[in-house]
Amino acid sequence: MSKIAIIADSGCQIDINGEHEGIYIAPLCIGHGSQTYLDQLEITSLDVFNQMKETDDMYTTSQPSTGSLMKAMEDAKRDGYDELIGIPIATGLSSTLNGMQVAADTVEMPITLIDSQGTAHVQKKLVEAARKLVEKGQSVSEIKEKLEDMVKHSGTIIFTPNLNHLKKGGRITPAVAMLGNMLKLVPVMELNSELGGKIDTLGKVRTTRKACKMLADRVVERGANAKDYTFAIEDVLAPEEAQRVRDYLEEQLGPCQVTMRELPSVVGAHMGIGGVGIQFIKNLAE
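Residue numbers (the working numbering): 99 to 384.
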């Protein structure tokens, strides 16, 4: 019987410096000027966000290097694993999934890839669920089926009051950014599962308060509930707005299992200061 390891990128927010049996994390890359940093190892989300707040600098992001992915896989092989399940950041946001396949081919380890169609909390819960199923002795095909069902019952909705970083990063056109900033519109966006987790516009509102409500309303509209789902509300130095989203959510669903923290740097760098996101994912079916 194969011994299965899980490989993910640092967007999953699992501590890359910690010990996680059977889980291997490769760092995403964060660019600033002529420098490139390894996410979590050489720079943190809060480092990036605080610098953005002070200088309005633009950061770039990229997938883990082939070398980083190969190292993680070689570590898994050294530890006695002979098969991999790869759970990368959404294909609509990054080419990490393809990078995992290339690295696995190079180190000659079979890999089964699952598009998380998200990152952060959604990706982390998928990694944790995969590890739990491995420990139960389930096969790769059984694990893949259960994780893909969780992905179908997950989502990410975000807003940002400042469109400049999305414009600089090429996520929206300059004309749209200029019009939105002039009219003081707050775009609410969703990671579209049909587009592999690419960012798609959901709506535009006039205030961040209305945007907070729209985030919570969309989660309820998508069918999430307090009994079967976990939630995360993450922000780019906007804790008051994040708390407002939670208040609106719990007004509708009652007390929920909610994680509150900063967004991953690879997402927040493109959203800019004041950005807030909410994620939901259905619990693993036992």
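Ideal Cβ positions, reconstructed from N, Cα and C, are used throughout, including at glycine.
Fair warning: this is a prediction, and the values are worked out from it, not measured in the lab.
(message) Can you list, in chain order, the residues of its chain with a C-beta nearer than 7 Å to that of LEU144? Leave out the 5 residues immediately preceding and following it.
(response) For the purposes of this step, residue 144 is taken as residue 46 along the sequence shown, with counting starting at 1. GLU360.
(message) Whole angstroms are fine: how far does the CA of ALA174 sit from the CA of ILE102?
(response) As a first step, residue 102 must be located in the sequence shown, where it is residue number 4. As a first step, residue 174 must be located in the sequence shown, where it is residue number 76. The straight-line gap from Cα to Cα measures roughly 9 Å.
(request) Helix, strand or coil for ARG316, going by three-state DSSP, please let me know. (result) The count along the sequence shown starts at 1 and reaches residue 316 at position 218. Helix at ARG316.
(request) Work out the CA separation of TYR157 and LEU136 for me, nearest whole Å. (result) For the purposes of this step, residue 136 is taken as residue 38 along the sequence shown, with counting starting at 1. For the purposes of this step, residue 157 is taken as residue 59 along the sequence shown, with counting starting at 1. Cα-Cα distance, rounded: 13 Å.
(message) Is the separation between the beta-carbon of GLU172 and that of VAL205 shorter than 7 Å?
(response) To locate residue 172, count along the sequence shown from 1; it is residue 74. To locate residue 205, count along the sequence shown from 1; it is residue 107. Yes, they are a contact pair.
(request) Could you tell me which of ALA188, TYR122, GLU140 and SER166 sits nearest to GLY178, measuring between CA atoms? (result) As a working mapping, residue 178 is identified with position 80 in the sequence shown. When each option's Cα is compared against that of GLY178, the closest is TYR122.
(request) Specify, as a first and last residue, the run of the alpha helix (DSSP H) that SER239 falls within. (result) As a working note, residue 239 is residue 141 in the sequence shown. Its alpha helix (DSSP H) spans residues 238 to 250.
(message) Given this structure, state the Cα-to-Cα distance separating SER166 from ALA124, to the nearest angstrom.
(response) Translated into positions along the sequence shown, residue 166 becomes position 68. Translated into positions along the sequence shown, residue 124 becomes position 26. Computed Cα separation, rounded: 6 Å.
(message) Measuring alpha carbon to alpha carbon, tell me which residue in ALA309, ASN381, LYS244 and VAL286 is nearest ASN323.
(response) One-based indexing of the sequence shown puts residue 323 at position 225. The residue with the shortest Cα to Cα distance from ASN323 is ASN381.
(request) Please name the residue in GLY321, THR328, ARG307 and GLN161 whose C-alpha comes closest to that of GLN341. (result) Within the sequence shown, the letter at position 243 stands for residue 341. Ranking the options by Cα distance to GLN341, first place goes to ARG307.
(message) Please state whether the Cβ-Cβ distance between THR210 and VAL238 is less than 7 Å.
(response) Residue numbering aside, residue 210 sits at position 112 when the sequence shown is read from its first letter. Residue numbering aside, residue 238 sits at position 140 when the sequence shown is read from its first letter. A contact, by the Cβ cut-off of 7 Å.
(request) May I ask you to report which of helix, strand or coil DSSP gives ASP180? (result) Here residue 180 corresponds to residue number 82 of the sequence shown, with the count starting at 1. DSSP places ASP180 in coil when its eight states are reduced to three.
(request) With a floor of 4 residues, list each alpha helix (DSSP H) that falls wholly inside the region 135 to 179, ordered by position along the chain. (result) 143 to 153 and 164 to 176
(message) Rounding to the nearest angstrom, what Cα-Cα distance links GLN215 and GLN138 in this structure?
(response) On the sequence shown, residue 215 is found 117 positions in, with the first residue counted as 1. On the sequence shown, residue 138 is found 40 positions in, with the first residue counted as 1. Approximately 21 Å between the Cα atoms of the pair.
(message) Restricting to runs no shorter than 4 residues, where is the alpha helix (DSSP H) found entirely within the region 209 to 234?
(response) 218 to 233
(message) Please report the straight-line C-alpha distance between PHE147 and GLY373, rounded to a whole angstrom.
(response) In the sequence shown, counting from the first residue as 1, residue 147 sits at position 49. In the sequence shown, counting from the first residue as 1, residue 373 sits at position 275. Each residue's alpha carbon lies about 11 Å from the other.
(message) Going by DSSP in three states, MET287 sits in which element: helix, strand or coil?
(response) Start at 1 with the first residue of the sequence shown, and residue 287 comes out as number 189. It is a strand residue.
(message) Please state the DSSP three-state secondary structure of GLN377.
(response) As a working mapping, residue 377 is identified with position 279 in the sequence shown. DSSP places GLN377 in strand when its eight states are reduced to three.
(message) Nearest by alpha-carbon distance to GLU233: which of VAL356, CYS127 and ILE104 is it?
(response) Along the sequence shown, one-based indexing puts residue 233 at 135. Ranking VAL356, CYS127 and ILE104 by Cα distance to GLU233 puts ILE104 first.
(message) Restricting to Cα atoms, I'd like to know which of GLN149, ASP113 and ASN115 is closest to HIS130.
(response) On the sequence shown, position 32 is the one that residue 130 refers to. It is GLN149.
(request) Compute the Euclidean distance between the alpha carbons of THR159 and ILE128, then round it to the nearest angstrom. (result) Within the sequence shown, the letter at position 61 stands for residue 159. Within the sequence shown, the letter at position 30 stands for residue 128. Computed Cα separation, rounded: 5 Å.
(request) Look up GLU360 in the DSSP assignment and say whether it is helix, strand or coil. (result) For the purposes of this step, residue 360 is identified with residue 262 of the sequence shown, where counting begins at 1. Strand at GLU360.
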